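**Q**
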DNA sequence: GTCTATACTTGGATAGAC
DNA sequence: GTCTATCCAAGTATAGAC
């Protein structure tokens with residue numbers, strides 16, 4: 001306070017300090033949602049994890065629900081950035097399954113989807129939270145839709161199944177698999193599905209480009 | 001107490017009374033989980049809906065968590081009975097999709113799967129609840145597995161994809177679709193999938209029995 | 001503007017009345 | 001055995017200190 005005279009007249013200093021506090025809370029909120037769930041994510045518990053006074057949550061975020069939404073924003077942003085980078089150079093369905101499995105493993109280990117699931121389920125208990133959560137999940141669906149669209153473009157699937165509907169199913173499946181894996185503490189049944197998906201993808205690729213599948217040169 | 005002298009010496013009377021109270025609580029717990037979610041399903045809220053004293057929950061069930069598990073049991077039993085009856089006379093994949101859509105609509109309207117989802121998500125916040133919920137979901141997976149097994153027996157899918165893995169995916173998808181539908185208050189994207197599933201099923205049937213598909217007599 | 005101490009409400013659980 | 005009145009812990013939120 002006394003030593004930093006550089007920014008004594010600017011409003012930035014206060015903002016920086018405030019921003020740092022908020023970041024700590026957001027980080028603690030993510031951790032708490034992961035390990036304790038929505039019902040266990042109270043102001044007291046989150047503040048204790050952050051090593052800060054619980055009253056600060058209401059000063060900085062207005063309510064616990066708002067803090068949790070900020071946590072969801074942070075996870076959303078971080079993950080979607082990662083996803084975009086991962087699928088950047090991917091061409092066909094086969095490689096897409098590889099990337100999806102890799103992403104799914106990380107999400108499962110780090111508990112990112114748990115945050116999402118807990119917020120969706122928790123939305124039932126807090127008035128007005130539903131639409132807010134829905135808004136924050138839309139980008140995930142959009143990402144899934146565009147990714148699927150480009151991946152199956154030209155394949156027989158693309159013309160029969162609308163990418164939007166498939167994307168909806170993929171997101172739902174992703175959430176459901178996370179729930180079951182988390183509940184049992186066993187990711188194996190979910191991971192086994194990627195193996196089958198890989199088979200189906202290669203089958204799809206064969207149907208899509210029948211001329212090129214046989215030109216293997218040893 | 002004074003008028004019913006018939007069973008004054010038996011232990012049944014007290015049990016009957018107790019059973020009736022428990023049923024009321026279970027019913028109220030289901031309703032509360034549906035509308036308020038796990039985080040909103042407190043002893044007080046449930047008791048108010050049942051029109052009973054909240055202390056009774058701890059006398060009859062020991063804890064709120066135990067009451068919620070009893071509610072999950074009740075839903076599980078009721079639904080699986082209905083499912084079994086629905087698929088009883090079903091032969092091929094096509095008809096199975098019809099039945100599945102019908103069941104899904106009912107589950108969605110009545111909020112039965114919401115109870116399941118809330119319990120799974122809520123399990124994170126209550127120590128020891130996870131395994132209990134997992135045990136109660138096992139029958140659902142078993143039902144899905146046997147149903148899929150018999151439905152695709154003989155089809156090319158049956159030999160490639162293990163029924164257990166597919167069942168896991170189906171349950172996960174079911175849970176995920178319920179979550180998204182409930183969040184948005186819009187079941188349409190989920191219901192659209194059944195239309196696509198019907199198409200795929202008829203495709204599968206055509207592959208399975210190529211000789212009989214062309215013998216249409218007008 | 002930032003944070004702490006405090007007020008008030010709701011929740012889980014039980015001692016004791018019937 | 002069944003139920004109610006009551007206790008204490010945990011929750012949200014804010015008034016006021018710095």
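Chains as they are written, first to last, in the numbering used here: chain A, 1 to 218; chain B, 1 to 218. Beta carbons are placed, not taken as given, at the ideal position from N, Cα and C, and that holds for glycine. This one's a predicted model, so the numbers in the text were calculated from it and none came from an experiment.
1) Skipping 5 residues on each side, what residues in its chain have a beta carbon closer than 7 Å to that of residue 204 (chain A)?
2) For residue 175 (chain B) and residue 54 (chain A), what's the separation of their Cα atoms in angstroms?
3) Counting beta carbon pairs with one atom in the region 59-73 of chain A and one in the region 22-36 of chain A, are three or more of them shorter than 8 Å?
4) Note down, in chain order, every chain A residue with its Cβ under 9 Å from the Cβ of residue 256 (chain B).
5) Pull up the distance between the alpha-carbon of residue 88 (chain B) and that of residue 152 (chain B), whole angstroms please.
6) How many angstroms separate the CA atom of residue 43 (chain A) from the CA atom of residue 150 (chain B)?
7) Once you ignore the five residues that flank residue 104 (chain B) on each side, which residues in its own chain have a CB closer than 8 Å to its CB?
8) Expressed to the nearest angstrom, what Euclidean distance is found between the alpha-carbon atoms of residue 110 (chain A) and residue 79 (chain A)?
9) May I have the straight-line CA-CA distance separating residue 98 (chain A) from residue 164 (chain B), to the nearest angstrom?
10) Could you check the C-alpha separation between residue 9 (chain A) and residue 21 (chain A) for me, to the nearest Å?
11) Please say whether residue 184 (chain A) and residue 134 (chain B) have beta carbons closer to each other than 8 Å?
12) Residue 63 (chain A) versus chain B: which residues are under 7 Å apart at the beta carbon?
13) Do the region 44-52 of chain A and the region 126-143 of chain B touch if we need at least three Cβ pairs shorter than 8 Å?
14) So, residue 141 (chain B) versus residue 171 (chain B), is the Cβ gap smaller than 8 Å?
15) Counting only Cβ pairs nearer than 8 Å, list the residues of chain B close to residue 189 (chain A).
16) Just the Cα atoms here: how many angstroms apart are residue 112 (chain B) and residue 182 (chain A)?
17) Starting from residue 184 (chain A), find everything on chain B with Cβ-Cβ shorter than 7 Å and list it in chain order.
18) With distances taken from CA atoms, which of A:84, A:62, A:207 and A:15 is nearest residue 145 (chain A)?
19) With DSSP collapsed to three states, give me the class of residue 83 (chain A).
20) Which chain A residues sit within Cβ distance under 7 Å of residue 86 (chain B)?
21) Name the two residues that bound the continuous alpha helix (DSSP H) containing residue 147 (chain A).
22) Could you tell me which of B:60, B:45, B:196 and B:127 sits nearest to residue 16 (chain B), measuring between CA atoms?
23) Mark residue 186 (chain B) as exposed unless 16 or more other C-beta atoms lie within 10 angstroms of its C-beta, in which case mark it buried.
24) Using a Cβ cut-off of 9 Å, which residues of the region 33-59 of chain A contact any Cβ in chain B, in chain order?
25) Specify the secondary structure class of residue 91 (chain B) as computed by DSSP and reduced to three states.
26) Quick one: grab the DSSP three-state call for residue 61 (chain A).
27) Applying the 10 Å Cβ sphere with the 16-neighbour rule, what's the burial state of residue 117 (chain A)?
28) Quick one, are the C-beta atoms of residue 121 (chain B) and residue 125 (chain A) less than 8 Å apart?
29) Rounded to the nearest angstrom, what separates residue 45 (chain B) and residue 28 (chain B) at their Cα positions?
**A** Straight from the coordinates:
1) Taken in chain order, the residues that qualify are 93, 155 and 157.
2) The straight-line gap from Cα to Cα measures roughly 34 Å.
3) Taking one beta carbon from each stretch, the region 22-36 of chain A and the region 59-73 of chain A have 3 or more pairs nearer than 8 Å; the two touch.
4) Outside the modelled stretch of chain B, which goes from 1 to 218, sits residue 256 (chain B), for which no answer is possible.
5) So the two alpha carbons sit approximately 15 Å from each other.
6) So the two alpha carbons sit approximately 50 Å from each other.
7) Within its own chain, the residues whose Cβ lies closer than 8 Å to the Cβ of residue 104 (chain B), once the five positions on either side in sequence are excluded, are 174, 177, 190, 191 and 194, listed in chain order.
8) The straight-line gap from Cα to Cα measures roughly 11 Å.
9) Straight-line Cα distance between these residues: approximately 22 Å.
10) Here the model assigns residue 9 (chain A) a pLDDT of 44, short of 50, so the residue's position is not dependable, and the following value carries that caveat. Their Cα atoms are separated by approximately 21 Å.
11) With respect to the 8 Å criterion, residue 134 (chain B) and residue 184 (chain A) are classified as neighbours on the basis of their beta carbons.
12) What residue 63 (chain A) touches in chain B: nothing, since even the nearest Cβ is about 14 Å away.
13) Output reads no: the region 126-143 of chain B does not touch the region 44-52 of chain A.
14) With a cutoff of 8 Å on beta-carbon distance, residue 141 (chain B) and residue 171 (chain B) are scored as near each other.
15) Residues of chain B passing the Cβ test: 164, 165 and 168.
16) The alpha-carbon atoms of residue 112 (chain B) and residue 182 (chain A) are separated by roughly 21 Å.
17) Per Cβ cutoff of 7 Å: 134.
18) Nearest option by C-alpha distance: A:84.
19) Reduced to three states, the DSSP call for residue 83 (chain A) is helix.
20) None at all; the shortest Cβ gap to chain A is about 21 Å.
21) Run containing residue 147 (chain A): 129-151, per the alpha helix (DSSP H) assignment.
22) Checking every option, the nearest Cα to that of residue 16 (chain B) belongs to B:60.
23) Residue 186 (chain B) comes out exposed.
24) So the list reads 33, 34, 35, 36, 37, 38, 39, 40 and 41, given in the order they occur along the chain.
25) Residue 91 (chain B): coil per DSSP, three-state reduction.
26) Residue 61 (chain A): coil per DSSP, three-state reduction.
27) The residue is buried, with at least 16 neighbouring Cβ atoms inside 10 Å.
28) Contact: no.
29) So the alpha carbons of these two residues sit roughly 9 Å apart.
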